[in-house]
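A.B. asks:
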Amino acid sequence: MVVRMRLSGRMCAAVACVVVAGSWVPAHADPPPDPLVGAPGLGDPYYPLDGNGGYDVHHYDVGIDYDPPSRALAGTATITAHATQALRVFNLDYAGPQVRTVSVNGLPAAFERNGEHELTVTPAIVLLPGLPFTVTVDYAGPAVNTNGEGWTFAPSGGAFVAGEPHSATSWYPLNDTPLDKATFSLNATVPAEWEVVSNGVRVENVVDGAKRTVRWINAKPVLGYLTTVAIDKFDYLEQRRADGIPLISAFAPNAEERQRELEQRLPEILDFAENLYGPYPFEAAGGIHLDADISFSLETQTRPVYAPAIDLQTVVHEIAHQWWGDWVSVRQWSDICLNECFASYTADYLWPERMEGKNVDDDYRETIQKYRDNQKFWNVPLENPGVGKEFTSVYYRGPLFLHALRKQIGDEVFFGAVRDFLAVHAYGNASMPEFRAFVQSRSPVDLTGFFHAWLNTTAPPPEEYLFPGVLRS
Numbered sequence: 305m306v307v308r309m310r311l312s313g314r315m316c317a318a319v320a321c322v323v324v325a326g327s328w329v330p331a332h333a334d335p336p337p338d339p340l341v342g343a344p345g346l347g348d349p350y351y352p353l354d355g356n357g358g359y360d361v362h363h364y365d366v367g368i369d370y371d372p373p374s375r376a377l378a379g380t381a382t383i384t385a386h387a388t389q390a391l392r393v394f395n396l397d398y399a400g401p402q403v404r405t406v407s408v409n410g411l412p413a414a415f416e417r418n419g420e421h422e423l424t425v426t427p428a429i430v431l432l433p434g435l436p437f438t439v440t441v442d443y444a445g446p447a448v449n450t451n452g453e454g455w456t457f458a459p460s461g462g463a464f465v466a467g468e469p470h471s472a473t474s475w476y477p478l479n480d481t482p483l484d485k486a487t488f489s490l491n492a493t494v495p496a497e498w499e500v501v502s503n504g505v506r507v508e509n510v511v512d513g514a515k516r517t518v519r520w521i522n523a524k525p526v527l528g529y530l531t532t533v534a535i536d537k538f539d540y541l542e543q544r545r546a547d548g549i550p551l552i553s554a555f556a557p558n559a560e561e562r563q564r565e566l567e568q569r570l571p572e573i574l575d576f577a578e579n580l581y582g583p584y585p586f587e588a589a590g591g592i593h594l595d596a597d598i599s600f601s602l603e604t605q606t607r608p609v610y611a612p613a614i615d616l617q618t619v620v621h622e623i624a625h626q627w628w629g630d631w632v633s634v635r636q637w638s639d640i641c642l643n644e645c646f647a648s649y650t651a652d653y654l655w656p657e658r659m660e661g662k663n664v665d666d667d668y669r670e671t672i673q674k675y676r677d678n679q680k681f682w683n684v685p686l687e688n689p690g691v692g693k694e695f696t697s698v699y700y701r702g703p704l705f706l707h708a709l710r711k712q713i714g715d716e717v718f719f720g721a722v723r724d725f726l727a728v729h730a731y732g733n734a735s736m737p738e739f740r741a742f743v744q745s746r747s748p749v750d751l752t753g754f755f756h757a758w759l760n761t762t763a764p765p766p767e768e769y770l771f772p773g774v775l776r777s
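One point on numbering: in my numbering, the residue at position 49 of the sequence shown is 353, and numbering is uninterrupted.
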């Protein structure tokens, strides 16, 4: 309901009022939002200015021209979307080189850059709700090294893109939110001696004189931080799954032989994850093995980016993300356990158990005994860990939570529930509360206390939740 309060003259004298449409309103009250202006952010509790309101993107077609020696980057991004409200102004997220021109539906549009990553666009004609529109942004300038938070220079002289939760804004404009997935294609031109690797299927790789043009198409919806481009003097390992899905893996100069050996196991790893979580959800797979000083690998869609110091566990982790994080993505960054808890559990527990014959129950008990009295181990909750703490406890405590949950409800319920949960949210988004409710709907056991103890507190769970089922022995 709407409640209106009448202020007396004395009250108005005290707070300073103005008359608006016959009603007394405090003079310092914020003006109502302009209904024709798209919001500059979507209010994620961790990153409130990520994403933009007023439209939904369907496809990004990004064309770039990059010269490694000069580090000059020129690009044209064509964004196909539809308006969800009338728009005389809307924003894109962008932090890359200088914008030269913007057009909307083929007509020149006014634009300005503001904040950390806002590109505010004023189309010549107001966009009407429900109708499609196209934005084209032309930009060029020196690329900036983000040191693993977007566009990053490689020691070879090439470049690559990696970073979570942000990276895409460093090289093309977009609606940078987990809530707006879209298909993606990349057309890249580089000097002929360089190679270009990206997401999805490579449909063109042509050398014409001194230039090479490469086109990659990602036909399934993808988030901004899961898109990538890598430019280097790569060599390739090309394989094919039994179902015909092409596997292209790229290796930067100085990549070690063990990295190639790991990629040779990719069909086996995909089969393993598929047996757990359902059919592989994308049209291609592979990996990009960098020669760069970065401290992380990243689950860029269809083709993860790998730092040099990796092992089999890392590859299994990033491939598990193709289901947990890529196929089904978080609604908000507070839901990060859905991504990292499952990828870590898959690599740290399920692979050793099923493929190497390890007794992971013993591993679980040993870990609990080692860290049970270590308060630092428990001081970041798994659900809603807090801004800046997203990528902490989900890695080392997330697998313990999922193993305990599995023993609490049994293998049949656990594996059936997680597989079905993914299918229900296919190519979309999900949250931790939704996961809790879904698992509870499959189990006759009341899980309220279990979930609260494991996900929301900053202390070891009570004994009954710490050692459920066979873990008690």
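Glycine is no exception: its CB is placed at the ideal position from the N, C-alpha and C atoms. Fair warning: this is a prediction, and the values are worked out from it, not measured in the lab.
Give the DSSP-derived three-state secondary structure of F437 in the structure shown.
C.D. replies: It is a strand residue.
A.B. asks: Relative to the C-alpha of P477, which candidate in V366, L527 and Y398 has its C-alpha closest?
C.D. replies: Out of V366, L527 and Y398, Y398 has the C-alpha closest to the C-alpha of P477.
A.B. asks: In terms of residues, what are the limits of the beta strand (DSSP E) holding L423?
C.D. replies: Looking at the DSSP string, the run of the beta strand (DSSP E) that includes L423 is E422 to T426.
A.B. asks: Which residues mark the beginning and the end of the beta strand (DSSP E) in which D539 is found?
C.D. replies: Element bounds for D539: D539 to R544.
A.B. asks: Got a sec, what are the start and stop residues for the alpha helix (DSSP H) K485 sits in?
C.D. replies: Here K485 belongs to no alpha helix (DSSP H), and DSSP marks it neither H nor E.
A.B. asks: Check each candidate in I623, G528, S502 and T450 and name the one with the smallest Cα separation from E644.
C.D. replies: The candidate whose alpha carbon is nearest that of E644 is I623.
A.B. asks: Which parts of the stretch 543 to 569 are runs of the beta strand (DSSP E), unbroken and 3 residues or longer, counting only runs that do not cross its ends?
C.D. replies: Entirely contained in the stretch 543 to 569, the beta strand (DSSP E) runs reaching 3 residues are, in chain order, 550 to 555.
A.B. asks: CB-CB under 8 Å to L432, same chain, minus the five flanking residues each way: which ones, in chain order?
C.D. replies: If we look at L432 and ignore the five residues flanking it on each side, its Cβ neighbours are A387 and A390.
A.B. asks: Since G462 sits in a beta bridge, which residues does DSSP pair it with?
C.D. replies: In DSSP, G462 forms no bridge with anything.
A.B. asks: If we call anything under 8 Å between Cβ atoms a contact, is G454 one with S471?
C.D. replies: Yes; because the gap between Cβ atoms is below 8 Å, this pair is in contact.
A.B. asks: Are the CB atoms of A385 and H421 within a distance shorter than 8 Å?
C.D. replies: Not closer than 8 Å, so no.
A.B. asks: Can you give me the Cβ contacts of Y529 inside the same chain, cut-off strictly under 7 Å, excluding the 5 residues immediately before and after it?
C.D. replies: Correct list, in chain order: G467, E468, P469, H470, S471 and A472.
A.B. asks: State the DSSP-derived secondary structure class of V533, mapped to helix, strand or coil.
C.D. replies: DSSP places V533 in strand when its eight states are reduced to three.
A.B. asks: Spatial neighbours of L759 within its chain, please: C-beta separation below 6 Å, excluding the five flanking residues on both sides.
C.D. replies: The answer, listed in chain order, is L686 and E687.
A.B. asks: Please return the same chain residues whose Cβ sits closer than 6 Å to the Cβ of T405, not counting the five positions on each side in sequence.
C.D. replies: Answer for T405: D442, listed in chain order.
A.B. asks: Around the C-beta of V698, are 16 or more other C-beta atoms found within 10 angstroms, so that it is buried, or is it exposed?
C.D. replies: By the 10 Å Cβ count, V698 comes out buried.
A.B. asks: According to DSSP, simplified to helix, strand and coil, what is Q673?
C.D. replies: DSSP places Q673 in helix when its eight states are reduced to three.
A.B. asks: CB T606 to CB N683, shorter than 8 Å?
C.D. replies: No, Cβ-Cβ distance for T606 and N683 is not below 8 Å.
A.B. asks: Check this for me: beta carbons of L527 and K485, under 8 Å apart or not?
C.D. replies: Yes; because the gap between Cβ atoms is below 8 Å, this pair is in contact.
A.B. asks: Give the DSSP-derived three-state secondary structure of T456 in the structure shown.
C.D. replies: T456: strand per DSSP, three-state reduction.
A.B. asks: Taking its Cβ as the centre, do 16 or more other Cβ atoms sit within 10 Å of N678, making it buried, or is it exposed?
C.D. replies: Per the 10 Å Cβ criterion, exposed.
A.B. asks: Answer with buried or exposed for Q712, where buried requires no fewer than 16 other C-beta atoms within 10 angstroms of its C-beta.
C.D. replies: The residue in question, Q712, is buried, as its Cβ has 16 or more Cβ neighbours within 10 Å.
A.B. asks: Helix, strand or coil for N760, going by three-state DSSP, please let me know.
C.D. replies: It is helical.
A.B. asks: Let me check you understand the geometry: is the CB of D397 closer than 7 Å to at least one non-hydrogen atom of the ligand SAM?
C.D. replies: Judged by which ligands are present, the structure shown has none, so any question about the ligand SAM falls away.
A.B. asks: Just to confirm, are V787 and V465 a CB contact at a threshold of 8 Å?
C.D. replies: The structure shown does not extend to residue 787, since the chain is modelled only from 305 through 777, so no value can be given for it.
A.B. asks: What residues in its chain sit with their C-beta under 7 Å from that of S407, if we drop five residues either side in the sequence?
C.D. replies: Answer for S407: A413 and T440, listed in chain order.
A.B. asks: With a 10 Å radius around its C-beta and 16 neighbouring C-beta atoms as the bar for buried, classify D338 as buried or exposed.
C.D. replies: Exposed, since its Cβ has fewer than 16 Cβ neighbours within 10 Å.
A.B. asks: Measuring CA to CA, which of H621, S599 and Q617 is closest to A611?
C.D. replies: Minimum Cα distance to A611 is reached at S599.
A.B. asks: Where in the stretch 360 to 400 do unbroken runs of the beta strand (DSSP E), each at least 3 residues long, occur, reported from the N-terminal end onward?
C.D. replies: The qualifying runs are 376 to 387 and 394 to 397.
A.B. asks: Just confirm the distance between the C-beta atoms of V393 and L346, as a whole number of angstroms; I'd bet it's less than 8 Å.
C.D. replies: The Cβ separation is near 16 Å, so there is no contact.
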